[in-house]
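Visitor: Below are the structure tokens for one structure; questions will follow.
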Amino acid sequence: MKKSATTTDLRPQEHIDTELLVVGGGAAGLATAVTAARQGIKVTLLERYGFCGGGAVAGLSGTICGMYMATDSFGAKPEQLVHGFTAEFVQRMSEAGGLTPPIRYGKTFSLVHDPLAWRRVADGMLAEAGVQVLFHSMATEVLLDGGERVAGVQAYSKQGKLRIEAALSVDASGDADLFAMAGFPTRMGFNGQVQNPTMIFRLQGVDVPRFMAAHGPDTILGEAISRKINELNAAGTHKLPRAKIFLFPSPRENELLCNCTRITGADGRELNSIYVRDFTEAEIEGRKQVFEYARFFREYLTGCEKSWVNDTGVQVGVRQSRQIEGSATLANGDVVRGSKFTAGIARSAWPIELHAGAKPRLEWLIDDYYEIPYGCFVPMRGESLLAAGRCLSAEHEAMASARVTAQCFSYGHAIGHAAAIAIRENIAPRKLDGAALREILNRDGAGLN
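Every number in my numbering is 17 more than the matching position in the sequence shown, counting from 1.
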């Protein structure tokens with residue numbers, strides 16, 4: 018019988034003190050960190066990659082979705098719904114040459130970005146605000162004071178462990194990592210089943226004008242393409258598990274951003290990125306599907322005859338994983354009805370976008386929008402801890418709308434202000450008045466009224 022091994026790490030540990038710790042540098046984490054630092058708060062941002070962007074950059078989702086209203090009016094121009102930090106980031110991206118004009122996506126519009134420009138713009142905003150950034154570092158444990166108060170984290174880095182103590186922490190990990198580590202209540206999907214991940218890729222060598230002339234301005238390709246995919250699947254010549262595909266012209270010349278894979282397990286399950294074996298299987302299967310779709314594009318899509326795969330995401334794009342149980346929860350009906358809240362700190366008109374089955378289901382809210390209340394980011398249990406981003410407290414279908422990029426920027430804008438107030442005034446985040454926070458956001462350009 019083997020003797021029990023002991024664990025050890027003899028590298029020196031660094032101790033860091035900060036006022037606000039933000040874990041995760043995606044859209045929500047970036048907005049949280051920059052907003053709080055602009056209020057004079059000492060902020061540390063912890064990010065596992067060597068760049069900011071989260072799912073938009075590492076996952077190569079490539080679009081800033083959720084910024085515009087949805088309408089059935091043919092030929093309608095984009096009507097901007099989301100302002101504040103989102104609009105500032107979009108402006109900076111445009112000035113950097115890293116963003117397309119609004120592009121048609123079904124009944125609304127989206128913006129397609131260059132991930133390299135995103136990294137550069139984010140670096141600049143963090144530096145300007147004076148945020149301490151720690152790349153290639155990952156939270157591995159939370160520091161608990163009395164069992165309910167989060168006092169920071171212990172993190173992993175190549176130099177050794179980092180003990181980061183903070184007056185307040187924000188979980189912008191996308192996966193509610195800090196909440197799970199602390200044992201605070203979380204939820205996951207519908208009866209534990211989450212939306213499948215996707216491997217997004219960039220296709221170079223495309224004659225984009227010919228492509229657009231043949232397939233039209235809508236980035237959701239039409240039924241003729243779906244029928245062809247189904248025919249080829251039935252004939253056994255191709256393996257294309259998703260028939261409804263989204264192809265976006267990008268800011269780069271001769272390039273399409275391709276959102277078309279549908280990754281499930283070999284056993285048919287929706288894979289969940291929380292689980293290491295599922296995440297690994299998703300990466301391998303995703304890359305297989307990328308090259309199968311690229312072959313289909315070369316063979317059947319006008320303008321793609323000489324195209325090739327330029328890049329895939331650093332990881333699969335994750336639509337859903339763990340979420341917090343909040344003091345408020347965004348309900349499916351709130352999205353469908355266009356609910357408004359006195360404590361609403363962000364708003365959205367993005368459709369409920371469910372990707373189960375071969376064809377994504379889009380449920381639109383036309384000529385209206387709903388709001389997301391502050392309580393969706395305040396935990397049911399736990400002190401000195403807030404959430405930001407797609408791990409908000411929301412029911413399954415509501416989350417399928419509320420998770421996208423423009424809204425995540427808005428959440429970070431709000432939580433950055435909330436954190437700054439809580440730290441300055443030494444009050445618990447759950448004691449903050451959401452309606453008062455809304456007014457502060459409006460004074461900072463959010464345009465919620």
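Ideal Cβ placement from N, Cα and C applies to all residues, glycine included.
Do you know offhand how far residue 392's Cα is from residue 320's?
Guide: 48 angstroms
Visitor: Where in the stretch 35-92 do unbroken runs of the alpha helix (DSSP H), each at least 4 residues long, occur, reported from the N-terminal end onward?
Guide: Entirely contained in the stretch 35-92, the alpha helix (DSSP H) runs reaching 4 residues are, in chain order, 44-55 and 71-74.
Visitor: Considering Cα atoms alone, identify which of 240, 95, 100 and 182 is closest to residue 460.
Guide: 100
Visitor: In the DSSP assignment, find the alpha helix (DSSP H) that holds residue 312 and state where it starts and stops.
Guide: 293-317
Visitor: When the Cβ atoms of the stretch 143-163 are set against those of the stretch 56-64, are three or more pairs found closer than 8 angstroms?
Guide: The count of Cβ pairs closer than 8 angstroms, one atom from the stretch 143-163 and one from the stretch 56-64, reaches three, so the stretches are in contact.
Visitor: Do the CB positions of residue 205 and residue 280 come within less than 8 angstroms of each other?
Guide: no
Visitor: Would you report the Cα separation of residue 181 and residue 171, rounded to the nearest angstrom?
Guide: Roughly 6 angstroms between the two C-alpha positions.
Visitor: If you measure between the beta carbons of residue 69 and residue 127, is that distance less than 8 angstroms?
Guide: no
Visitor: Given residue 103, which residues of its chain have a CB within under 7 angstroms of its CB, disregarding the five upstream and five downstream residues?
Guide: 84, 423, 426 and 427
Visitor: Tell me whether the stretch 350-362 and the stretch 303-322 touch, counting them as touching only if at least three CB pairs, one residue from each stretch, are closer than 8 angstroms.
Guide: no
Visitor: Return the Cβ separation of residue 401 and residue 168 in integer angstroms, given the expectation that the two are a contact with Cβ distance under 8 angstroms.
Guide: 7 angstroms
Visitor: Quick check: residue 156 and residue 293, are their CB atoms within less than 8 angstroms of each other?
Guide: no
Visitor: Check for me: the beta strand (DSSP E) holding residue 216 runs from which residue to which?
Guide: Premise fails: residue 216 is in no beta strand (DSSP E) and is neither H nor E.
Visitor: Around the C-beta of residue 46, are 16 or more other C-beta atoms found within 10 angstroms, so that it is buried, or is it exposed?
Guide: buried
Visitor: Tell me, please, which residues DSSP counts as bridged to residue 365.
Guide: 387
Visitor: State the DSSP-derived secondary structure class of residue 201, mapped to helix, strand or coil.
Guide: coil
Visitor: Using a Cβ distance threshold of 8 angstroms, determine whether the stretch 435-454 contacts the stretch 74-81, with at least three qualifying pairs required.
Guide: no
Visitor: Looking only at its own chain, which residues have a Cβ that is under 7 angstroms from the Cβ of residue 326, when we skip the five neighbours before and after it?
Guide: 218, 220, 307, 308 and 311
Visitor: Short check: CB of residue 184 to CB of residue 54, under 8 angstroms?
Guide: no
Visitor: Specify, as a first and last residue, the run of the alpha helix (DSSP H) that residue 29 falls within.
Guide: Careful: residue 29 lies outside any alpha helix (DSSP H) and carries neither H nor E.
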